[in-house]
């Protein structure tokens, strides 16, 4: 009991740490950010955060935050930047500012390994493609593959089940979600990606950026520059290779 | 399952945070509840109206909203005040302190009602008899009213404690590393949420079972000499 109280008091009395930058991270979105058994947050986001801080010559402290409270935490100065796989969206831009993207997971098609499909309107003619209803992927299919028959699902898992039972020939969705959620699992054996990586801003947005307060334009530009720097000196690729077997940065710059 | 064993020490730390949070919140809630009840029973009309406002607002607002408001809104208030006074950087509200304050503040309102009800349940004649015996106001409260009030309050108090323990789960939303917050992150990191939530369920059940035992003893103690 005494120890608990002492610990509690220590927590109460913790002053704000004197670091150059406090970075809000999340810790529940593997492989980008996950919590280890010792309570540390590790993952792609964290490695990128450390690399960016090193490039900017700042000492950074990671602040563990809950996803639901991460934007308020930034706005109320609990941290100076969010590096938590946050997609750059118009709604979020109303309250915070973003650096340029530091990654963009492309959308991809999957199908049975031996299906021999091609990601062209002709290659998919007469085939049935499954997508999750109301997603960017549905808009993408309707825009780019208007003649291909679509089957809409409430969840991604239902689409996987129908792919396995042969009701549909292919699925288009976020590549990392499918790689982690299906292809890497037992159920996903015998299935693979095919075709190009798709990240078309009109459908798929601008990717994940580093969130900063709207008043911190200097910090925002510093992050954008640091992202370019680690892209150029190869440290970005070294980090990305640890986690992904494809180009996580996505097309364009 | 094996992941659960690997993360057990982390969950243990989380459980300690949860228990410390619950106990400190209960202390704060008890103090606020006593003040609130005193204000409603014998206070000046301003105290009475303040206490009424407190219980009406707090009991009508979801816990989650109040916690967010205190942690983020309170921080904004401090930041604004600090900037206005010319300080820079400001003072940081710790997550733990915000959690204790929020939960204590919320359950203080419920305890105000519990204590006020218990006070009303003590027969009027008791206070009058004590007065007739020549006891002063404070002695009357301390020796005659409080021992009987506790007897009437203990059931409601136990109830508030049970609910309070479980509502500590809500503070994980501000990123406090309590049992629920840590288990949620560990579950998602290992993709074994089911096992982690099951463990959380068992820990909470354990806390409430132990509390029930303890409170049962307290109840027997404050009721001693009174036929059931």
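Chains as they are written, first to last, in this note's numbering: chain A, 1 to 253; chain B, 254 to 481. All C-beta atoms in this analysis are idealised placements derived from N, C-alpha and C, irrespective of residue type, glycine included.
Among A:22, A:34, A:248 and A:60, which one has its Cα closest to the Cα of residue 437 of chain B? Along the second chain, read from residue 1 onward, the residue named residue 437 of chain B stands at position 184. The option with the nearest alpha carbon to residue 437 of chain B is A:34.
Would you check if the distance between the CB atom of residue 423 of chain B and the CB atom of residue 257 of chain B is smaller than 8 Å? Indexing the second chain from 1 puts residue 423 of chain B at position 170. Indexing the second chain from 1 puts residue 257 of chain B at position 4. Taking 8 Å as the cut-off, the beta carbon of residue 423 of chain B is found no closer than this to the beta carbon of residue 257 of chain B.
Whole runs of the alpha helix (DSSP H) within the region 367-427 of chain B, excluding any shorter than 4 residues: Qualifying alpha helix (DSSP H) stretches, in chain order: 377-385 and 399-420.
Which listed residue (A:83, A:243, A:114 and A:108) has its alpha carbon closest to that of residue 120 of chain A: As a working mapping, residue 120 of chain A is identified with position 120 in the first chain. Proximity to residue 120 of chain A across A:83, A:243, A:114 and A:108 peaks at A:108, based on C-alpha coordinates.
Cβ of residue 430 of chain B less than 8 Å from any chain A Cβ? Position 177 of the second chain holds residue 430 of chain B. Cβ-Cβ to chain A under 8 Å: yes for residue 430 of chain B.
Can you give me the Cβ contacts of residue 128 of chain A inside the same chain, cut-off strictly under 7 Å, excluding the 5 residues immediately before and after it? Indexing the first chain from 1 puts residue 128 of chain A at position 128. Taken in chain order, the residues that qualify are 149, 151, 168 and 169.
Name the chain A residues that come within less than 9 Å of residue 426 of chain B, Cβ to Cβ? Within the second chain, numbered from 1, the residue matching residue 426 of chain B stands at position 173. Neighbours of residue 426 of chain B on chain A, chain order: 66, 68 and 69.
Under the three-state reduction of DSSP, which class applies to residue 198 of chain A: helix, strand or coil? Here residue 198 of chain A corresponds to residue number 198 of the first chain, with the count starting at 1. Looking at residue 198 of chain A - three-state DSSP - the assignment turns out to be strand.
Beta strand (DSSP E) runs contained entirely in the region 187-244 of chain A, provided each spans 3 or more residues: The qualifying runs are 191-198 and 208-212.
Residue 282 of chain B beta carbon less than 8 Å from that of residue 370 of chain B: On the second chain, position 117 is the one that residue 370 of chain B refers to. On the second chain, position 29 is the one that residue 282 of chain B refers to. In this structure, residue 370 of chain B sits away from residue 282 of chain B, with a CB-CB distance that is not shorter than 8 Å.
Unbroken alpha helix (DSSP H) runs of length 4 or more, entirely within the region 318-355 of chain B: which are they? Secondary structure within the region 318-355 of chain B: the alpha helix (DSSP H) runs of 4 or more consecutive residues, fully enclosed, are 327-337 (chain order).
Straight-line CA distance for residue 282 of chain A to residue 171 of chain A? With chain A represented from 1 up to 253, any question about residue 282 of chain A goes unanswered, as that position is not in the structure.
Mind reading off the beta-carbon distance from residue 183 of chain A to residue 110 of chain A? Whole number of angstroms is fine, and I expect it under 8 Å. Your numbering for residue 183 of chain A matches position 183 in the first chain. Your numbering for residue 110 of chain A matches position 110 in the first chain. The pair is a contact, with the Cβ atoms about 7 Å apart (cut-off 8 Å).
Residue 132 of chain A - containing beta strand (DSSP E), residue span: For this step, residue 132 of chain A is matched to residue 132 along the first chain. Run containing residue 132 of chain A: 128-132, per the beta strand (DSSP E) assignment.
Can you tell me which of the three DSSP states residue 261 of chain B falls into? Reading the second chain from its first residue, position 8 is the one you call residue 261 of chain B. It is helical.
What are the residues of the region 26-40 of chain A that lie near chain B, defined by any Cβ-Cβ distance shorter than 8 Å? Within the region 26-40 of chain A, the qualifying residues are 27, 28, 29, 30, 34, 35, 36, 37, 38 and 39.
Who are residue 35 of chain A's beta bridge partners in DSSP? Indexing the first chain from 1 puts residue 35 of chain A at position 35. According to DSSP, residue 35 of chain A bridges with A:41.
Should the region 134-149 of chain A be regarded as contacting the region 96-105 of chain A, the criterion being three or more beta carbon pairs within less than 8 Å? Segments in contact, no.
If you run the structure through DSSP and keep just helix, strand and coil, what is residue 95 of chain A? Working through the first chain from its first residue, we reach residue 95 of chain A at position 95. Note: residue 95 of chain A maps to coil in three-state DSSP.
Determine the direct distance from the alpha carbon of residue 98 of chain A to that of residue 209 of chain A, and round the result to whole angstroms. To locate residue 209 of chain A, count along the first chain from 1; it is residue 209. To locate residue 98 of chain A, count along the first chain from 1; it is residue 98. Each residue's alpha carbon lies about 6 Å from the other.
Are there 16 or more other CB atoms within 10 angstroms of the CB of residue 447 of chain B, so buried, or fewer, so exposed? Along the second chain, one-based indexing puts residue 447 of chain B at 194. Exposed is the call here.
Could you check whether the Cβ of residue 218 of chain A sits closer than 8 Å to any Cβ belonging to chain B? On the first chain, position 218 is the one that residue 218 of chain A refers to. No, its Cβ sits nowhere closer than 8 Å to a Cβ of chain B.
Give a yes or no on whether 8 Å exceeds the smallest Cβ distance from residue 100 of chain A to chain B. Numbered from its first residue, the first chain carries residue 100 of chain A at position 100. So no, residue 100 of chain A is outside the interface.
Name the two residues that bound the continuous alpha helix (DSSP H) containing residue 446 of chain B. In the second chain, the residue the question calls residue 446 of chain B occupies position 193. Residue range 446-475 is occupied by the alpha helix (DSSP H) that includes residue 446 of chain B.
For residue 50 of chain A, decide whether its Cβ has a neighbour in chain B, counting only Cβ atoms nearer than 8 Å. The count along the first chain starts at 1 and reaches residue 50 of chain A at position 50. No, because no Cβ of chain B sits closer than 8 Å to the Cβ of residue 50 of chain A.
Within 8 Å of any Cβ in chain A, is that where the Cβ of residue 301 of chain B sits? In the second chain, residue 301 of chain B corresponds to position 48, counting from 1. No - not a single Cβ of chain A is within 8 Å of the one on residue 301 of chain B.
Cβ distance (whole Å) where residue 304 of chain B is taken to contact residue 292 of chain B below 8 Å: By 1-based counting over the second chain, the position of residue 304 of chain B is 51. By 1-based counting over the second chain, the position of residue 292 of chain B is 39. Rounded, the Cβ-Cβ distance is 4 Å, consistent with contact.
Chain A contact for residue 260 of chain B (CB, 8 Å cutoff): By one-based count along the second chain, residue 260 of chain B stands at place 7. For residue 260 of chain B, at least one C-beta of chain A is nearer than 8 Å to its own C-beta.
Beta carbon of residue 52 of chain A, beta carbon of residue 227 of chain A: below 8 Å? Counting from one through the first chain, the residue named residue 52 of chain A turns up at place 52. Counting from one through the first chain, the residue named residue 227 of chain A turns up at place 227. Contact: yes.
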